[in-house]
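Engineer: Supplied in structure tokens, the structure appears directly below.
This is the structure:
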């Protein structure tokens, strides 16, 4: 956390802070001007005490609903290094990547998601709008054909964004509250949330999931990953999508060539960006086919919804960003 003293507004001292979540709202301290030696000393001591107490306090300002976990943990940390030139993911590489599964006796993968804290998985609203009952969440199951289920939880509550519009596929996100917390360990960690309105355009994103390997193909038993260039929304509007692209969306993919993309079954899964730790830039939302030229993948822009996410996850704890 960084402290920036902006200055005085009349007799009000204005102090701003900067954290991994961006700039916090300013804090105001009232200092009545009195330039006598005694009062100048008192005001100096008052300022020093205030600044020390402010800097030592747990920063909850502008994040009143974000509580850090009692057990020290760090979000966005992969378990192994990246495989250069590879597509199949090693064991537990992205421990926050979740499977959404339906069916007790014949479980069926229908979407992906991301663990964002000890109690919630973030996914696409279109995955769960008509599919809210008896959803199982699976974490750390690299191979879906394995008898090892990894960590499993049932979804106790589904929170769809109130402004989700299925016709335009706008505000396409939902929170899934798990029936019990997921313990944070050296193998299990959530992905980091971006700060509000963080811009990832021009960076390389990674989409990960168990969806179709190719359009019209079959789903993968192994977690797959693909690197994709994140483009500007204007570039995305210049494709076949035109004005369908809204500010709450983010696009990724090779516009001219296609060839790499998320696909059916990956919906709701993460588009992450490595900034020292992995941040959740997007959620797989929609596209035209899979990996088609002039049709990049369209994702929900998570940085537009950080306040809504944190407000609705008050009963959970977050790892440090």
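Numbering (the working numbering), first residue to last: 7 to 327. Even for Gly, the Cβ is constructed at its ideal location relative to N, Cα and C. Since we're looking at a predicted model, the values are computed, not measured.
State the Cα-Cα distance for the pair residue 204 and residue 309, rounded to the nearest angstrom.
Structural biologist: Cα to Cα, residue 204 sits roughly 6 Å from residue 309.
Engineer: Express the C-alpha separation of residue 198 and residue 327 in angstroms, rounding to a whole number.
Structural biologist: Across the structure, residue 327 and residue 198 are spaced so that their CA atoms are roughly 6 Å apart.
Engineer: What are the boundary residues of the alpha helix (DSSP H) that includes residue 131?
Structural biologist: Element bounds for residue 131: 131–134.
Engineer: Figure out for me which residue from 84, 161, 136 has the closest Cα to the Cα of residue 105.
Structural biologist: 161
Engineer: Measure the alpha-carbon distance for residue 73 versus residue 287 and round it to whole angstroms.
Structural biologist: 21 Å
Engineer: Evaluate contact between the region 314–321 and the region 109–128, counting only Cβ atoms and requiring at least three cross-stretch pairs below 8 Å.
Structural biologist: yes
Engineer: Quick one: using the 10 Å Cβ neighbour count with 16 as the cut-off for buried, is residue 210 buried or exposed?
Structural biologist: Residue 210 should be labelled exposed.
Engineer: How is the beta strand (DSSP E) around residue 105 delimited, first residue to last?
Structural biologist: 103–108
Engineer: Using a threshold of 8 Å, state whether the C-beta atoms of residue 323 and residue 75 are closer than that.
Structural biologist: yes
Engineer: Starting from residue 257 and walking both ways along the alpha helix (DSSP H), at which residues does that stretch end?
Structural biologist: Taken as a continuous stretch (DSSP letters only), residue 257 belongs to no alpha helix (DSSP H), being part of the beta strand (DSSP E) at 255–258.
Engineer: From the DSSP output, in three-state form, read off residue 280 for me.
Structural biologist: strand
Engineer: Helix, strand or coil: which one does DSSP assign to residue 185?
Structural biologist: coil
Engineer: So does the region 231–239 actually touch the region 138–145, counting three or more Cβ pairs closer than 8 Å?
Structural biologist: no
Engineer: Going by C-alpha distance, which of 207, 312, 109, 255 is nearest residue 171?
Structural biologist: 255
Engineer: Count Cβ pairs between the region 152–159 and the region 276–294 that sit closer than 8 Å; are there 3 or more?
Structural biologist: no
Engineer: According to the neighbour-count rule (16 or more other Cβ atoms, all chains shown, within 10 Å of its Cβ), is residue 110 buried or exposed?
Structural biologist: Burial call: exposed.
Engineer: With a 10 Å radius around its C-beta and 16 neighbouring C-beta atoms as the bar for buried, classify residue 284 as buried or exposed.
Structural biologist: By the 10 Å Cβ count, residue 284 comes out buried.
Engineer: So is residue 215 buried or exposed if we call it buried at 16+ other beta carbons inside 10 Å?
Structural biologist: So residue 215 counts as buried.
Engineer: Can you look up residue 144 in the DSSP assignment and give me helix, strand or coil?
Structural biologist: strand
Engineer: Reducing DSSP to helix, strand and coil, say where residue 236 ends up.
Structural biologist: Three-state result, residue 236: strand.
Engineer: Taking only the alpha-carbon atoms, compute the straight-line gap between residue 258 and residue 304 and give it to the nearest angstrom.
Structural biologist: 7 Å
Engineer: Who are the near neighbours of residue 193 in its chain, counting only those whose CB is closer than 7 Å to its CB and skipping five residues on each side?
Structural biologist: A distance below 7 Å between beta-carbons, with the five flanking residues on each side excluded, links residue 193 to the following residues of its chain, in chain order: 85, 98, 101, 146.
Engineer: Counting C-beta neighbours from all protein chains within 10 Å, is the total for residue 140 16 or more, i.e. buried, or is it exposed?
Structural biologist: Answer is exposed; the Cβ neighbour count stays below 16.
Engineer: How about residue 103 and residue 195: are their beta carbons less than 8 Å apart?
Structural biologist: no
Engineer: Hey, would you say residue 149 sits closer than 8 Å to residue 213, going by beta carbons?
Structural biologist: no
Engineer: Cβ of residue 176 within 8 Å of Cβ of residue 252?
Structural biologist: yes
Engineer: So what does DSSP say about residue 120, is it helix, strand or coil?
Structural biologist: strand
Engineer: Counting along the chain, where does the alpha helix (DSSP H) carrying residue 317 start and finish?
Structural biologist: 312–317
Engineer: Use the C-beta contact count for residue 200: other C-beta atoms within 10 angstroms, 16 or more gives buried, fewer gives exposed.
Structural biologist: buried
Engineer: Candidates 301, 188, 174: which alpha carbon is nearest residue 325's?
Structural biologist: Residue 188 is the option with its Cα nearest to residue 325.
Engineer: Quick check on the burial criterion: 16 or more other C-beta atoms within 10 angstroms. Buried or exposed for residue 39?
Structural biologist: Its pLDDT being 47, under 50, residue 39 is placed unreliably by the model, and nothing is read from it.
Engineer: Are the Cβ atoms of residue 262 and residue 235 separated by less than 8 Å?
Structural biologist: no
Engineer: Please report the distance separating the alpha-carbon of residue 112 from that of residue 302.
Structural biologist: Cα to Cα, residue 112 sits roughly 33 Å from residue 302.
Engineer: For residue 246, which residues of its own chain have a beta-carbon under 8 Å away from its beta-carbon, when the five flanking residues on both sides are left out?
Structural biologist: 294, 300, 301
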